[in-house]
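When the letters of the sequence shown are read in order and numbered with the numbering used here, they come out as residues 13 to 371. Ideal Cβ placement from N, Cα and C applies to all residues, glycine included. See below for the structure under consideration.
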Amino acid sequence: MFYPLLRKILFQFDEEDVHHLALGSMDALLSSASLRRTLRKKMAPIDARLHTQVAGLSFEHPVGLAAGFDKVGSHVNQLASLGFSHIEVGTITQHAQPGNPRPRMFRLPKDKALLNRMGFNNDGSDAAVSRLHGLNPETMVGINIGKSKITPLEDAAVDYVSSFTKLYDLGSYFVVNVSSPNTPGLRQLQDGDHLRSILKALLVVRSSQKFRRPIFVKISPDLSDEALDDALDVVLDLSLDGIIASNTTISREGLKTENIENFGKGGLSGAPLRKSCLNRIDRIYRLSEGSIPIIAVGGITTAQDVLDAMLRGASLTQLWTGLIYDGPFIVQRILSGLSNFCEVSKIESLDEIVGQFSQ
Ligand SMILES: Cc1cc2nc3c(=O)[nH]c(=O)nc-3n(C[C@H](O)[C@H](O)[C@H](O)COP(=O)(O)O)c2cc1C
13 MFYPLLRKIL FQFDEEDVHH LALGSMDALL SSASLRRTLR KKMAPIDARL HTQVAGLSFE
73 HPVGLAAGFD KVGSHVNQLA SLGFSHIEVG TITQHAQPGN PRPRMFRLPK DKALLNRMGF
133 NNDGSDAAVS RLHGLNPETM VGINIGKSKI TPLEDAAVDY VSSFTKLYDL GSYFVVNVSS
193 PNTPGLRQLQ DGDHLRSILK ALLVVRSSQK FRRPIFVKIS PDLSDEALDD ALDVVLDLSL
253 DGIIASNTTI SREGLKTENI ENFGKGGLSG APLRKSCLNR IDRIYRLSEG SIPIIAVGGI
313 TTAQDVLDAM LRGASLTQLW TGLIYDGPFI VQRILSGLSN FCEVSKIESL DEIVGQFSQ
C-alpha cells in the first residue's frame, strides 16, 4: 500500500521536521470541515458495540491520540479526521518554554520505537487558552498539563493549578502529567506526598467550578511496584477519575537497535513499551479491584493490542508511535478489527471484556 513507500521517503529526514511537515500538510489538505467530516466517517464508522463510557464521558470507540502529538492544540480538527475518539492536547505548562535543544526525537526502526527528549516544548497555558477558545472541536479533547521547567518542585502544585484553572472550560478531561522523563525531577512528583498535594490543590479548584471535569493521572512505566502502589493509594484515596498507563520509559532493555547509548537521554515509546504497559494495567486493575478507569498507552498498533489491554482492565486506549510506523489509516484498521471481534465473539459491547484476564 501507499504508506510503506511514503514512510521510506519520510524516514530519510529528521523526525521532528517530518512531524511538522505532516501536520502542516494536514492543515492545508483538510481545511474544509465537510471534507474532514467525510474522512472521519470513513476512518471511524459508527459501531455502537465500540462505544464506551469512561469517568462519565461518552467515547465513540476506545482509540484516542496520546499526548505530545499535538502539544499546543493547533491541529485538533485535522487529527480528528483520522478517526480518533479523543485527542489529548499537551503537555501544556504554565510558562512558555522552548524544550530541549534539537535533535531531540529519533526513530529506532528496528524496534518500531521512538526516543524523545522534547522537554515539554510549548507556548504556555495563556497561549493555549487563546488557541483552544472557540475551536469547536470535532472530537473529544483532553488537556494534559505539566510543570514548567523553571518552577521548583516544591512549587509544582501552583504551576499545575494555574494551567488547570485557565484551561478548565476548554477540555473534556484533564491529565496530570508527573511522568515525563525529560523534565528534571518531574517524576519525583509521583511520590505519595508530592502527588497528594498537587491533586488536592486541583480538586479544590474543581470543586468551585460549574462543571465537573474528570482528572486522570499519567504514570511512568518505570515505577517500582511499591511506588506504583503508593501512587495508586493516593489516586484512590482522593477518588480521582482514572490512571493513564503509561508515559515513555528510560529503560533500554532488549532493544535491537545497535549503539543505543549514542542517542543519549530520553523516553522510549512504541513496541518495546507494550509489555511493561500491560503489566502496569494488570497490577492497577487487580489492586483497585476494577474501581478506577485505566487508559492504556504504550506500543498499541493493532486491534489485538487494544483487546489485550482491555482484557487486562483498560477501558480506553491511546497511541502515538503507531501512527508514525503504521500510518494515517491505523485507527480505521484497529476499529475494523474490533468490530470483527465483536461479530465473531457475538458480544454486544466491547466493555464486556474489560478485566476478563484479571479475574
Ligand atoms: C515525541 C513524543 C512526545 C511526547 N510528548 C508527550 C507529552 O508532552 N506529554 C505526555 O504526557 N506524553 C508525551 N509523550 C508520550 C505519549 O503520550 C505516550 O505516552 C507514549 O509515547 C507511549 O505511547 P506509544 O507507544 O503509542 O507512543 C510523547 C511521546 C513522543 C513519542
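query                                                                                                                                                      : result
Decide yes or no for the touch test of the region 141-149 against the region 196-209: beta carbon pairs closer than 8 Å, at least 3 of them.               : no
Hey, would you say the C-beta of Ile-157 is under 7 Å away from at least one heavy atom of ligand 1?                                                       : no
Does the beta-carbon of Asp-181 have 16 or more other beta-carbons within 10 angstroms, so that it is buried, or is it exposed?                            : exposed
So does Gly-334 have its beta carbon nearer than 7 Å to some heavy atom of ligand 1?                                                                       : yes
Is Gly-276 buried or exposed, if buried means 16 or more other CB atoms sit within 10 Å of its CB?                                                         : exposed
Taking C-alpha atoms, which residue in Val-318, Asp-29 and Trp-332 lies nearest to Leu-347?                                                                : Val-318
I need the straight-line Cα distance from Gly-367 to His-206, nearest angstrom please.                                                                     : 30 Å
Is the beta carbon of Ala-56 less than 8 Å from the beta carbon of Val-343?                                                                                : yes
Does Lys-212 come out as helix, strand or coil in the three-state DSSP assignment?                                                                         : helix
Relative to the alpha-carbon of Ile-99, which residue among Phe-341, Leu-35 and Asn-89 has its alpha-carbon at the smallest distance?                      : Asn-89
Alpha carbon to alpha carbon, how far is Val-141 from Asp-336? Give it in angstroms, no decimals.                                                          : Before going on, a small fix: residue 336 reads as Ile here, not Asp. C-alpha separation (whole angstroms): 28 Å.
So is Gly-279 buried or exposed if we call it buried at 16+ other beta carbons inside 10 Å?                                                                : buried
Extract the residue ranges of the alpha helix (DSSP H) inside the region 276-303, only unbroken runs of 4 or more that lie entirely within it.             : 286-299
I'd like to know if the region 287-307 and the region 131-145 are in contact, where contact means that at least 3 CB-CB pairs between them fall below 8 Å. : no
Just reading off the alpha helix (DSSP H) that Asn-148 is part of, what are its end residues?                                                              : Looking at the DSSP string, Asn-148 is not in any alpha helix (DSSP H), and its letter there is neither H nor E.
Please confirm whether Leu-77 and Leu-62 have their CB atoms less than 8 Å apart.                                                                          : no
Taking only the alpha-carbon atoms, compute the straight-line gap between Leu-69 and Val-356 and give it to the nearest angstrom.                          : 28 Å
Taking the runs of the beta strand (DSSP E) that are 3 residues or longer, which of them lie wholly in the region 162-204?                                 : 185-189
Rounded to whole angstroms, what's the CA-CA distance from Ala-315 to Arg-119? Just pull it up for me.                                                     : 23 Å
Thinking Phe-71 and Leu-235 are a contact (beta carbons under 8 Å), I'd like their distance in whole angstroms, please.                                    : At roughly 26 Å, the Cβ-Cβ gap does not stay under 8 Å, so Phe-71 and Leu-235 are not in contact.
At what residues does the alpha helix (DSSP H) containing Glu-270 begin and finish?                                                                        : Glu-270 -> no alpha helix (DSSP H), and no H or E assigned at all.
Is it buried or exposed for Ile-162, if we count other Cβ within 10 angstroms and need 16 for buried?                                                      : exposed
So, helix, strand or coil for Phe-353, using DSSP?                                                                                                         : helix
Around the C-beta of Gly-154, are 16 or more other C-beta atoms found within 10 angstroms, so that it is buried, or is it exposed?                         : buried
In three-state terms, what does DSSP make of Lys-230?                                                                                                      : strand
Tell me which same chain residues have a C-beta within less than 7 Å of the C-beta of Val-30, skipping the five on either side of it?                      : Leu-22
Output the distance between the C-alpha atoms of Leu-244 and Lys-358, rounded to the nearest integer angstrom.                                             : 35 Å
I'd like to check one pair, Pro-340 with Ala-125: are the Cβ atoms closer than 8 Å?                                                                        : no
Is the beta carbon of Met-130 within less than 7 Å of some heavy atom of ligand 1?                                                                         : yes
Determine which residues share a DSSP beta bridge with Thr-314 and list them.                                                                              : BP columns for Thr-314 are empty, so no partner.
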